[in-house]
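According to numbering that gives the first Met the number 0, the sequence shown is numbered sequentially starting from 0. One structure below.
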Amino acid sequence: MIKNYFTYYSQKYASKWLVLAIDLVTVVITFLLAYLIRFNFTLDFDKTQLFVQLPIVIFIASISFLSIGSYKSIIRHTGLTDVINLFKSVTLMTFMAIFIVVSNRITELIPMFTIPLSILVIHALLSFLVLSSSRFLFKGLYRYAKCRLVNSKKILIYGAGDSGLVTYNALVNNVKTIFEVVAFIDDNEKKFGKKIDGVPVLSSKNISHAYLKINGIEEIVVSTKHLDTSKLIYLIDSSVDTKVKITKVPPIEKWINGELNTTQIKTIEIEDLLGRTPIQINNPNLFNEFRGETIVITGAAGSIGSELVIQLSHFDIKHLVLIDQSESPLYDLQQELNRKGKYNFTTIVADIRDGLRIDGIFQEFKPTMVFHAAAYKHVPLMEASPYESIKINVNGTKILADISSRYNVKKFVFISTDKAVNPTSVMGATKRLAEMYISCLQKESKTKFITTRFGNVLGSNGSVIPLFKKQIENGGPLTLTHKDITRYFMTIPEASQLVLEAGTMGKGGEIFIFDMGDSIKIYNLALNMIKLSGLRYPEDIDIKITGLRPGEKLYEELLANGENTLSTYHKKIMISKTRDEIDYNKTKSEIEALCITNRFQNNNIVLKMKELIPEYKSNNSDYEIFDRRVRVYKNANSTKNNLKDKTFTNL
């Protein structure tokens, strides 16, 4: 009620005409003070002449203020522009007065308006000083009253630089919510102990759990663009058992018309805790690479596929052909592109396993580039369905690659996964087979086949982050397969940008791997998500360990056995270099044979994959039994070959 009363009367009665009246009264008072100063604070001057001059001074001041409009500013938001307008008004008023005084000496138009020029100069200085200082005084009193007499939200701002100052102004000038900025936090020692607009600058080391509680802090706004993850986690840890929210200011390029609005300040997301600087791609060669191209994207409605579509739509491409077998997400993508005014695209519901259908699409649109993102990716589901995994991940890739080669597509970019490295699951093994097939095809095709590998994508369909968010909303518990499990993470935009960059630099036959920083412990991820939600573990929400799922690894790898890396011109992108050569013709024919395996032969499918991929060792799966069988079979073959060699030698 007090807040509403305060806001109502401050807005109702602080009109521009009241400001004009106060300004005119100030001019009169400073005019009298100028006379007193001129005559050494005595009354040894003509009082009658003074009272004749006052109405003329008020008239001149009124014309000046009305002309410049300095009275129209909102006093509680006084800034540099308002002070400049006051200076203009006082200057205009002074020049008008001097003009009349000088004219009187010639024409005696207003005989009683014979003021010493020194008084006019003193009056100008006093008027500007009192008018501007009174505005800042009112601004300070208003803020004090607003924060002390009305319930206000106490805030800390992390970052005492330019962005922090903009954030401060956006908060204190907000009309709907009353914010009190208690302090700035900064890591620059030179700023410690100083004040910005009366607000102290503190070290992040001062921000403890006790400090937050004693000062009643409700929110910490992070204004710096690149805050070290360890410091962000420190803030989150400090705010445990308090009601403090951690929020962040968006990048400057996302501000509305170059100005920050408090509605744009968002809660810290788990993506901000990746432990590394976000990957940025700024390569002008991308524009040249995709200009005038007709590009096919499979899995276009998926997490990576749809982001590729959005990013490619910003280039000067000729046409986008978007293929997916999932109708509803593809329709949503179509509507989004239509809203953005993109018309050089075609959405097609199709299955990449249907060779005739895909061939017809290529014949109609004649694509010059292909980005292959369609795949089955859920490890436990594919562990139970090797046939389906082979049909999509291997045979679908084979059909698409063969058709691309037949139509002389310039580049074919295949999106693989780190689960293809030393695979422990059916899904990972099928992605590795797909990598192997296009490597074999590269030897006989004019098309440049390029493979990209990266880890888990934050926010993608079926990933751990949306699952944890849903479990938190439902009150928990958060389910985790193993306390020590780790994963590499990327954001969807990062993954898509790196795919485009790798597609640009690829010459054919490479496997590009991405530097995703250090792997992240999923248990710590779960704890941080609980903290970010303002909850406590285990009091408010628990974490339940369920055990590794079939085919699941404790940790992922980026390089297989026998692989090393070569650097590229982008420090975040490397090329996997295979040491051991394979028999491409034999491998290709064996993969082709595997693609036509009967759907009821799951065991034979897995056994054959293990023969083709020596490093494929099942984990927590029914197929672990085949690892021993393959090892015995290989040992038997090795013994037989040794006996042959010895017999030949003896002969």
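Glycine is no exception: its CB is placed at the ideal position from the N, C-alpha and C atoms. Quick caveat, the model's predicted, so the values are computed rather than measured.
Limits of the unbroken alpha helix (DSSP H) element including residue i
i	result
tyrosine 622	Element bounds for tyrosine 622: n/a, residue is neither H nor E.
arginine 431	425–441
aspartate 161	161–171
alanine 182	Element bounds for alanine 182: not the alpha helix (DSSP H) but the beta strand (DSSP E), 178–185.
arginine 452	Premise fails: arginine 452 lies in the beta strand (DSSP E), 447–452, not in any alpha helix (DSSP H).
lysine 616	Unbroken run through lysine 616: none, as it is neither H nor E.
glutamate 335	326–338
lysine 230	228–237
serine 305	302–311
proline 115	Counting along the chain, proline 115 falls outside any alpha helix (DSSP H), and DSSP gives it neither H nor E.
valine 221	Taken as a continuous stretch (DSSP letters only), valine 221 belongs to no alpha helix (DSSP H), being part of the beta strand (DSSP E) at 218–221.
Between the CA atoms of residue j and residue i - distance to the nearest angstrom
i	j	result
serine 69	serine 88	7 Å
leucine 593	alanine 349	23 Å
leucine 234	glutamine 600	55 Å
isoleucine 540	isoleucine 471	8 Å
lysine 609	leucine 307	33 Å
threonine 451	histidine 371	10 Å
leucine 32	valine 100	19 Å
glycine 291	phenylalanine 361	17 Å
threonine 567	phenylalanine 413	19 Å
arginine 134	phenylalanine 112	30 Å
isoleucine 55	leucine 17	20 Å
glutamate 382	serine 617	10 Å
glutamine 496	glutamine 310	8 Å
aspartate 161	isoleucine 184	13 Å
leucine 226	tyrosine 157	9 Å
leucine 457	asparagine 392	22 Å
asparagine 455	serine 575	19 Å
glycine 507	lysine 410	8 Å
lysine 447	glycine 505	8 Å
asparagine 641	leucine 553	Summary for asparagine 641: the model assigns pLDDT 48, below 50, so the residue's position carries little reliability; its value from the coordinates is reported in the next sentence. So the alpha carbons of these two residues sit roughly 38 Å apart.
valine 668	threonine 478	Here the chain covers residues 0 to 650 and nothing more, so residue 668 does not appear.
serine 72	tyrosine 141	15 Å
leucine 329	aspartate 323	7 Å
arginine 352	lysine 376	16 Å
glycine 589	isoleucine 595	With the sequence shown as reference, residue 589 is identified as glutamate, and glycine is not the correct amino acid for it. Rounded to whole angstroms, glutamate 589 to isoleucine 595 spans 10 Å at the Cα level.
aspartate 626	lysine 520	28 Å
alanine 209	serine 238	9 Å
threonine 429	phenylalanine 178	56 Å
tyrosine 583	cysteine 439	5 Å
Span of the beta strand (DSSP E), counted from its first residue to its last, around residue i
i	result
leucine 457	455–457
tyrosine 157	152–157
aspartate 323	318–323
isoleucine 296	293–297
threonine 29	Per DSSP, threonine 29 belongs to no beta strand (DSSP E); it is in the alpha helix (DSSP H), 15–37.
lysine 247	244–247
methionine 368	368–371
Buried versus exposed, by CB contacts within 10 Å (16 or more), residue i
i	result
aspartate 517	exposed
isoleucine 581	exposed
phenylalanine 30	buried
leucine 650	Confidence at leucine 650 is low in this model, with a pLDDT of 28, below 50, so its placement is unreliable and the value that follows should be read with caution. Leucine 650 is exposed by the Cβ-count criterion.
glutamine 655	Outside the shown range of the chain (0 to 650) lies residue 655, about which nothing can therefore be said.
phenylalanine 38	exposed
leucine 319	buried
aspartate 483	exposed
glutamine 52	buried
serine 302	buried
serine 14	exposed
threonine 93	buried
threonine 346	buried
asparagine 619	buried
leucine 466	exposed
tyrosine 342	exposed
lysine 445	exposed
Rounded Cβ spacing between residue i and residue j (contact assumed at less than 8 Å)
i	j	result
valine 221	isoleucine 245	7 Å
methionine 489	phenylalanine 511	At roughly 13 Å, the Cβ-Cβ gap does not stay under 8 Å, so methionine 489 and phenylalanine 511 are not in contact.
proline 476	isoleucine 529	At roughly 10 Å, the Cβ-Cβ gap does not stay under 8 Å, so proline 476 and isoleucine 529 are not in contact.
alanine 373	glycine 427	The Cβ separation is near 17 Å, so there is no contact.
asparagine 421	glutamate 614	5 Å
lysine 247	lysine 230	Contact flag wrong, Cβ pair sits at about 13 Å.
glycine 550	threonine 423	6 Å
valine 181	asparagine 214	6 Å
serine 403	glutamate 434	Wrong, their Cβ atoms sit about 15 Å apart, outside the cutoff.
Minimum Cβ-Cβ distance from residue i to chain B less than 8 Å
i	result
glutamate 326	Absence of chain B from the displayed structure is noted, only one protein chain being present.
- Query: Which parts of the segment 472–510 are runs of the alpha helix (DSSP H), unbroken and 4 residues or longer, counting only runs that do not cross its ends?
  - Reply: 491–504
- Query: Which ranges would you report for the alpha helix (DSSP H) in the segment 35–105 if only whole runs of at least 4 residues count?
  - Reply: 46–67
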